[in-house]
Structures are given as C-alpha cells and as structure tokens.
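For reference, the structure is listed below as structure tokens.
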C-alpha cells in the first residue's frame with residue numbers, strides 16, 4: 040500500500056448528491072454505518088419509481104447523523120445555501136440524469152442535470168474550500184472504442200450518446216477547476232452497476248420483473264452484448280477508498296505525451312469495474328437459475344447509443360487504493376433476487 044494511503048476520516052462531513060439514488064443510497068448508508076456525518080441531497084425526480092427512492096431514503100433517515108436536503112442541482116441559490124450553512128469537507132456528486140436510451144428522448148434533461156447541475160457543484164466547491172470532490176463519470180465515455188480492456192489512459196473523444204458526452208464534459212470541467220483553483224477532483228467511471236435496491240430501468244431489474252410476470256424480455260444485439268457487471272458493494276468499497284485519498288498533482292506528468300487519467304493538477308480518473316466481461320446470455324441464464332424460471336426472449340438489434348462490449352482496466356485502482364472488485368455474477372444476482380422478492384413480496 041502507498042505510504043501516504045489514508046483510511047476514511049469519520050470526523051468529516053460528507054455531502055452526497057443523489058442520496059436517494061441507487062449508488063448514492065448505498066454510499067450514504069456505508070458512510071453513516073462508519074459513523075460519518077452525511078448530508079444527502081436529492082430532488083426525488085420521477086425518472087423511475089419515486090416510491091423506491093423514498094424507501095431508500097427512509098432507511099437513511101433512521102440514522103442519527105443523516106441530514107436530508109430536498110433540492111435540485113440546477114437550483115444554484117439552493118446549492119449555495121446548503122454549502123454556506125454546513126461545514127462540508129468532502130463532496131461526492133452522484134446526482135445525474137442517468138440512462139443512455141432516455142438521452143435520445145429527452146436530451147435537455149441531461150444538459151440541465153449533468154452540465155448545469157455539475158457547474159453549480161464546482162462553483163460551490165470553489166467558494167467553500169472543499170477538500171475533495173469525487174464525482175460519477177461512466178464507462179459510457181469509452182463510446183466507440185474497440186481497444187480492450189478500456190483504460191483511463193485511452194482517448195475518449197468519440198462518445199455515442201449524449202449521456203456519455205455529458206459525463207466526458209464533467210471530467211473536462213473538473214480538470215479545469217483542479218487546474219485553476221487547486222481543487223482535488225476524482226472522476227469514477229462506473230461499469231454496469233447492479234445489486235439490491237438497484238435502478239428499475241436497468242437490465243437486471245427489467246428482466247426479473249418480466250420473467251416473474253411471464254412477459255418477454257428484450258435481448259438487444261441478439262444476446263451478443265458483453266458487460267463488465269459490477270456489484271454494488273464493490274463499487275462502494277472503491278468509492279470509499281478513493282474518497283479518503285484525494286489526488287495530488289503528478290510531478291512526473293509529461294505534457295508532450297499526455298495521459299488523460301492524471302495531470303499536473305490535483306486530478307485523477309479511475310475505472311471501477313469487475314475487470315471480467317460477461318455475455319448477456321450467461322447473465323440471463325444465471326438469473327433464470329436464481330428465479331427457477333425460464334425467460335421468454337425477444338431478440339432485437341443493438342440500440343442507438345449502446346455499445347456492444349465494456350471491459351474495465353482497473354490497474355491504477357489496485358495500485359493506488361489496493362482494491363479490485365471481485366463479486367461473481369452468481370453471488371451478485373443471487374443477492375439481488377433475494378432482495379427483489381422480499382421488497383415486492385414475491
């Protein structure tokens with residue numbers, strides 16, 4: 040482990056945006072269980088079932104160091120007030136308009152939340168001496184890349200969805216603020232996150248619901264998709280380790296042979312993925328086994344904005360924070376099915 044590696048500081052105050060969301064809920068719960076003070080911000084929008092968000096929130100509200108702020112990132116005055124009224128040390132920005140396919144239908148939602156909202160967070164960090172800004176990027180930024188596994192050292196200038204373009208924009212905006220104002224920023228490219236309390240618009244949730252209701256599931260790219268499915272607990276462990284270890288300027292940064300993952304500024308990008316792509320058909324078979332029921336399958340072509348395969352290189356995550364996601368698909372899907380049946384009383 041690095042000499043300067045630090046453990047999570049339980050005396051600091053953490054702002055988690057998107058706290059009622061899938062990753063935001065799990066991260067907030069982990070920080071609260073560690074004894075940290077968490078200010079959770081969410082606008083509880085109706086992109087998917089608001090009742091699921093409220094149920095997550097109720098669990099967080101039972102913790103005595105949790106403060107909830109009902110707010111929208113694009114409301115600059117409200118964001119500024121939250122920062123001014125609280126001594127926030129570290130910001131983890133997970134609030135965003137998610138979803139690749141939805142970005143084809145409602146592009147403006149992505150600009151408002153992912154660009155304008157992120158700008159408001161950056162400005163608030165700048166004016167309130169934040170120690171570290173950690174923010175969600177996405178594996179979608181790799182777009183049309185064919186080189187596998189996807190490395191943070193790769194060029195990502197060819198996004199294939201507006202969602203991906205907004206996430207790439209976040210990385211560029213963060214770098215600018217790291218350079219101009221010395222704010223340590225870390226972008227995390229998450230790879231196909233799944234698990235209990237997951238998002239209803241994601242494949243695992245959609246498939247489980249359809250199979251249990253005897254409805255057909257949509258199998259895109261005729262089942263030839265491959266995804267680096269990453270279990271939620273692995274994502275959270277990676278985030279927690281990164282939070283405690285803000286980037287420092289890279290003294291050896293070579294401006295003539297640039298590495299996009301690091302910088303002369305206090306800026307870093309990491310992949311958090313399972314480092315083991317799984318074919319969609321294997322994923323479905325594993326789910327069928329855990330449900331004890333076969334799926335009716337409707338085979339469809341690759342959707343606009345989708346990529347055929349994702350595969351994360353996590354070497355720098357292993358090097359810097361000594362962590363590698365390792366939950367198997369079998370274990371992860373099993374835990375999701377268990378939660379789903381209990382939550383929906385199946």
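Numbering (this note's numbering), first residue to last: 40 to 385.
Glycine is no exception: its CB is placed at the ideal position from the N, C-alpha and C atoms.
Exercise for review: Could you tell me the distance, in whole angstroms, from the CA atom of residue 333 to the CA atom of residue 71?
Suggested key: Taking the chain shown and counting its residues from 1, one reaches residue 333 at position 294. Taking the chain shown and counting its residues from 1, one reaches residue 71 at position 32. One C-alpha to the other measures close to 39 Å.
**Study point:** 4-residue-minimum alpha helix (DSSP H) runs that sit fully inside the segment 243–296, ordered along the chain
**Key:** 271–282
Point to revise | Per DSSP, the bridge partner or partners of residue 310 | key: Stepping through the chain shown from its first residue, residue 310 is reached at position 271. DSSP lists 228 as partners of residue 310.
Check your understanding: Using a Cβ-Cβ cut-off of 8 Å (strictly less than) and excluding sequence neighbours within five positions of residue 229, which residues of its own chain qualify?
Key -> For the purposes of this step, residue 229 is taken as residue 190 along the chain shown, with counting starting at 1. If we look at residue 229 and ignore the five residues flanking it on each side, its Cβ neighbours are 62, 175, 176, 177, 178, 269, 274, 311 and 312.
Exercise for review: Output the boundary residues of the alpha helix (DSSP H) element that contains residue 205.
Suggested key: Working through the chain shown from its first residue, we reach residue 205 at position 166. Run containing residue 205: 201–220, per the alpha helix (DSSP H) assignment.
Check your understanding: Under 9 Å between C-beta atoms, does residue 166 make it to chain D?
Key -> The chain inventory of the structure shown lacks chain D, comprising one protein chain alone.
Check your understanding: residue 59: which of 212, 46 and 96 sits nearest, CA to CA?
Key -> For the purposes of this step, residue 59 is identified with residue 20 of the chain shown, where counting begins at 1. It is 96 whose Cα lies nearest to the Cα of residue 59.
Practice item. Go ahead and pull the three-state DSSP assignment for residue 300. Key: Locating residue 300 in the chain shown gives position 261, where the first residue counts as 1. Reduced to three states, the DSSP call for residue 300 is coil.
Check your understanding: Given that a residue counts as buried once 16 or more other Cβ atoms are within 10 Å of its Cβ, and exposed if not, what is residue 295?
Key -> Looking up residue 295 in the chain shown gives position 256. It counts as exposed.
Exercise for review: Alpha carbon to alpha carbon, how far is residue 303 from residue 137? Give it in angstroms, no decimals.
Suggested key: One-based indexing of the chain shown puts residue 137 at position 98. One-based indexing of the chain shown puts residue 303 at position 264. Spanning the two alpha carbons is a distance of roughly 30 Å.
Point to revise | Top-ranked residue by Cα proximity to residue 262, from 301, 318, 271 and 249 | key: Looking up residue 262 in the chain shown gives position 223. If we check each option's Cα against that of residue 262, 318 comes out closest.
Exercise for review: May I ask you to report which of helix, strand or coil DSSP gives residue 130?
Suggested key: Taking the chain shown and counting its residues from 1, one reaches residue 130 at position 91. In the structure shown, residue 130 sits in a strand (DSSP, three-state: E or B).
Review point. Would the beta-carbon of residue 84 fall within 9 Å of that of residue 154?
Key: Taking the chain shown and counting its residues from 1, the one referred to as residue 84 is at position 45. Taking the chain shown and counting its residues from 1, the one referred to as residue 154 is at position 115. No.
Practice item. Following the continuous beta strand (DSSP E) through residue 89, name the residue where it begins and the one where it ends. Key: Taking the first residue of the chain shown as 1, we reach residue 89 at position 50. Where residue 89 is concerned, there is no enclosing beta strand (DSSP E), although the alpha helix (DSSP H) it sits in stretches over 89–100.
Point to revise | First and last residue of the uninterrupted beta strand (DSSP E) at residue 329 | key: On the chain shown, residue 329 is found 290 positions in, with the first residue counted as 1. Careful: residue 329 lies outside any beta strand (DSSP E), inside the alpha helix (DSSP H) at 319–330.
**Study point:** Start-to-end residues for the alpha helix (DSSP H) that takes in residue 166
**Key:** Counting from 1 along the chain shown, the entry for residue 166 is found at position 127. Start and end: 156–166.
**Study point:** Per DSSP, cross-strand counterpart(s) of residue 337
**Key:** Stepping through the chain shown from its first residue, residue 337 is reached at position 298. Answer by DSSP bridge pairing, in chain order: 257.
Review point. When we look at the beta-carbon of residue 148 and count the other beta-carbons within 10 Å, is it buried (16 or more) or exposed?
Key: In the chain shown, counting from the first residue as 1, residue 148 sits at position 109. Counting Cβ neighbours within 10 Å, residue 148 comes out buried, since at least 16 surround it.
Point to revise | Three-state secondary structure assigned by DSSP to residue 148 | key: Residue mapping note: residue 148 aligns to position 109 of the chain shown, counting from 1. Helix, per DSSP.
Check your understanding: Alpha carbon to alpha carbon, what distance is there between residue 266 and residue 206?
Key -> Within the chain shown, residue 206 is the residue found at index 167, counting from 1. Within the chain shown, residue 266 is the residue found at index 227, counting from 1. Taking the straight line from one Cα to the other gives about 19 Å.
Exercise for review: Assess, as a yes-or-no matter, whether the segment 73–91 is touched by the segment 100–111 under the definition of 3 or more beta carbon pairs within less than 8 Å.
Suggested key: yes
Exercise for review: Return helix, strand or coil for residue 360, following the three-state DSSP convention.
Suggested key: Looking up residue 360 in the chain shown gives position 321. Helix.
Point to revise | Cβ contact check for the segment 188–201 and the segment 115–126: 3 or more pairs under 8 Å | key: no
Review point. Mind checking whether residue 202 and residue 139 have CB atoms under 9 Å apart?
Key: Within the chain shown, numbered from 1, the residue matching residue 202 stands at position 163. Within the chain shown, numbered from 1, the residue matching residue 139 stands at position 100. Yes, these two residues count as a Cβ contact at 9 Å.
**Study point:** Close-in-space but distant-in-sequence residues of the same chain around residue 167 (CB under 6 Å, 5 per side omitted)
**Key:** What you label residue 167 is simply residue 128 of the chain shown in a count that begins at 1. Around residue 167: 122.
Exercise for review: Reducing DSSP to helix, strand and coil, say where residue 141 ends up.
Suggested key: Taking the chain shown and counting its residues from 1, one reaches residue 141 at position 102. Helix.
Review point. To the nearest angstrom, how far is it from the Cα of residue 353 to the Cα of residue 134?
Key: Counting from one through the chain shown, the residue named residue 353 turns up at place 314. Counting from one through the chain shown, the residue named residue 134 turns up at place 95. Roughly 24 Å separates the two Cα atoms.
Exercise for review: Could you tell me whether the segment 235–253 touches the segment 210–218, using the rule of 3 or more Cβ pairs below 8 Å?
Suggested key: no
Exercise for review: Would you kindly report the start and end of the unbroken alpha helix (DSSP H) that includes residue 386?
Suggested key: Residue 386 is absent from the structure shown; the chain starts at 40 and stops at 385.
Check your understanding: Are the beta-carbon atoms of residue 223 and residue 351 separated by less than 9 Å?
Key -> Within the chain shown, numbered from 1, the residue matching residue 223 stands at position 184. Within the chain shown, numbered from 1, the residue matching residue 351 stands at position 312. Cβ atoms of residue 223 and residue 351: not closer than 9 Å.
Review point. Nearest CA to the CA of residue 141: which residue from 384, 344 and 383?
Key: The count along the chain shown starts at 1 and reaches residue 141 at position 102. The shortest Cα separation from residue 141 among 384, 344 and 383 belongs to 344.
Review point. Taking DSSP as the reference, what is the three-state secondary structure of residue 353?
Key: Taking the first residue of the chain shown as 1, we reach residue 353 at position 314. Residue 353 falls in the coil class under three-state DSSP.
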